[in-house]
Ligand SMILES: Cc1ncc(COP(=O)(O)O)c(C=O)c1O
């Protein structure tokens, strides 16, 4: 069983953190991951920065631009992570846009991930249709779990299709928007959480986008298995640097 | 074998829809309906009536005798510069606003480089009484000030794109983000044959009126529907797609695509995508784009805002890859000279985008009786300040 699947069986609401690799400083990647695990974070999304992150709001855009300026590349990230499994046990997911993976070579990229001990990928601009037709076999060969997004506008039939192609969890985008911390969810969002929870999908759901504090974490996980925090954590990093992760985790749970 | 899109939106290996799930419902709705809507009789009638009475179509096919004499061949200019708003862009925005209405959308967003597409979008939104938001790179806002003022006068909101190179690519990113944030009531009017399927095919169909008219106009003037060559500048490639469209699958017609070399293809300041690009994904489409070895999209450069884009539409990537089209790149300097030359030989001041296409005659020689039809995609009013600075006028 993959680390993601194992983690999802634990009886708790998972706290997952996204950060942009190479931000604030190029060599912060490993220490951020280790420190987040030590402070009780359950899963980590390592952002591979991209020049044109279409699905991201200003916070993640700016951290990506800075990371690229710092010299972050795909190869550099793999180098930084090569011994990560000597110190880190929680599931690690790489989240990035498709073009850098395509240029690296999709198979080569997947192979590298398996060697390092990456458990899954989130690629917002690789649609499930293209994935299932062209890339699923490669991902499976290297035992990578691919995670797909759904939104409040995703039709039921498509959710069922995504569920059938998924083998880890479904990334439930809280509202139709790009990434970026907002505060609190309205009743529409809660109805959507409930509706999806009532579909009895085979994959558990983890909520992302717009989670920034205890309140929004609690609301997001009422009907799901966990939540992902990105922009709010990057803002914390920008303000406090890499040392005070414990303070951030305490503001969430 | 065809050079048109297949039903999944692929031109050979290029095209498709590489979009985040957040965009899926909107793009899928459009994909399911665009052909059917375009074929409806009421749509066709409204589209044709507006093109005729509002845009001023058909645009003339003008035999440029002094230019022809100078370059010792037969050059016809398809006068898209005479369209309402000053460029071919309006053919597409008329089509798309009618599409948006039929899809029940009440908010329009667009990206713009030179501002021509922004003006054409603001114009049709005013015409239909629909809210209009245009994203434009900060740098382009500076160098295309008259068009910014036009958009505002027409009631549109112009939002500066401040990320990345602050030009067309970044304006497109911002428009896509806006669309993600407004998934129900908004239609995105893309300004060229770029973006996810069905956009490249839909925009090409709206622009195809250009070559449709040429067929009958040339028949009248020369007794034949097909010229020996069609020539157009390529930013994203919509005016090119329009003039190529009905000749794509006719091997007797040579296709010439002209890209912006900027300060020189190898200068590091260029927008010559076919020469410098590699296959990859930009704005939801698999195509040729300028990028680093690591897959980061690079910042293009051209004196012409409308050609300052690091990708080309998937139709053109396929025309390049298959060798169906001949690609030529033209520097800022040669384009500016060609623009001035057209002004002096024919009394027509072209857009600087178009000047790139006009510049090929210096080096690319044609036979005396070759018929070459060049798409005069836009007029130079918007570029006056660039012409003034460049020639110290
Ligand atoms: C006059 C003119 N020609 C050409 C272009 C380039 O666009 P495309 O390649 O889509 O025709 C523009 C874009 O703004 C333009 O204004």
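Chains as they are written, first to last, in our numbering: chain A, 6 to 258; chain B, 1315 to 1707.
By construction, the Cβ of each residue, glycine as well, lies at the ideal position given by its N, Cα and C atoms.
- Among the residues of chain A, those whose CB is under 8 Å from the CB of residue 1494 (chain B) are 59, 60, 181, 182, 183, following chain order.
- Rounded to whole angstroms, the gap between the alpha carbons of residue 1696 (chain B) and residue 1371 (chain B) is 21 Å.
- In terms of side-chain proximity, the C-beta atom of residue 1501 (chain B) is found no nearer than 7 Å to any non-hydrogen atom of ligand 1.
- The Cβ neighbour count for residue 1519 (chain B), taken over all protein chains shown within 10 Å, is at least 16; the residue is labelled buried.
- The three-state reading of DSSP puts residue 1605 (chain B) in strand, counting E and B together.
- Of all residues in the stretch 134-145 of chain A, only 135 place a beta-carbon less than 8 Å from a beta-carbon of chain B.
- In its chain, beyond the 5 residues on either side, 198, 199, 202 have a beta carbon closer than 6 Å to the beta carbon of residue 228 (chain A).
- For residue 1341 (chain B), the enclosing alpha helix (DSSP H) starts and ends at 1338-1353.
- Neighbourhood of residue 153 (chain A) in chain B, by CB distance below 8 Å: 1335, in chain order.
- Beta-bridge annotation (DSSP): residue 1643 (chain B) is paired with B:1573.
- In the structure shown, the three-state DSSP call for residue 24 (chain A) is strand.
- Chain B has a Cβ within less than 8 Å of the Cβ of residue 56 (chain A).
- In the displayed model, residue 100 (chain A) falls within a strand according to three-state DSSP.
- Remark: the shortest separation between the CB of residue 1668 (chain B) and any heavy atom of ligand 1 falls under 7 Å.
- For residue 1652 (chain B), same chain residues with a beta-carbon under 7 Å away, outside a window of 5 residues either side, are 1669, 1672, 1673 in chain order.
- Residues 179, 180 of the same chain have their beta carbon placed closer than 7 Å to that of residue 194 (chain A), with the five preceding and five following residues left out of the count.
- A direct Cα-to-Cα measurement between residue 1614 (chain B) and residue 94 (chain A) gives close to 43 Å.
- Counting along the chain, residue 213 (chain A) sits inside the beta strand (DSSP E) bounded by residues 210-213.
- The C-alpha of residue 1341 (chain B) is placed about 37 Å away from the C-alpha of residue 86 (chain A).
- With respect to residue 1610 (chain B), residue 55 (chain A) sits close: the two C-beta atoms are nearer than 8 Å.
- The straight-line gap separating the alpha-carbon atoms of residue 1543 (chain B) and residue 1453 (chain B) is approximately 35 Å.
- In terms of Cβ geometry, residue 1571 (chain B) and residue 1585 (chain B) do not form a close pair [threshold 8 Å].
- Between the alpha carbons of residue 1352 (chain B) and residue 1553 (chain B) lies a distance of about 19 Å.
- If you check the CB distance, residue 126 (chain A) and residue 168 (chain A) do not come in under 8 Å.
- Identification of chain A residues near residue 1497 (chain B) by a Cβ-Cβ cut-off of 8 Å yields 156, 158, 181, ordered along the chain.
- The DSSP-derived three-state label of residue 1523 (chain B) is helix.
- Within its own chain, the residues whose Cβ lies closer than 6 Å to the Cβ of residue 1447 (chain B), once the five positions on either side in sequence are excluded, are 1423, 1471, listed in chain order.
- For the stretch 1411-1441 of chain B, the continuous beta strand (DSSP E) assignments of 3+ residues that do not extend past its boundaries occur at 1421-1426, in sequence order.
- Boundaries for residue 1679 (chain B): no beta strand (DSSP E) harbours it, and the DSSP string shows neither H nor E there.
- Boundaries of the beta strand (DSSP E) around residue 1376 (chain B): 1375-1377.
- Counting only Cβ-Cβ distances below 8 Å, residue 131 (chain A) has contacts in chain B at 1332, in chain order.
- Residue ranges of uninterrupted alpha helix (DSSP H) with 4 or more members, entirely inside the stretch 76-128 of chain A and ordered along the chain, are 79-85, 103-109, 111-121.
- At a cut-off of 8 Å between beta-carbon atoms, residue 178 (chain A) makes contact with chain B.
- Of the candidates B:1477, B:1427, B:1469, the residue whose Cα lies closest to the Cα of residue 59 (chain A) is B:1477.
- Of all residues in the stretch 65-91 of chain A, only 66, 70, 73, 78, 79, 80 place a beta-carbon less than 8 Å from a beta-carbon of chain B.
- When secondary structure is reduced to three states using DSSP, residue 1544 (chain B) falls in the strand class.
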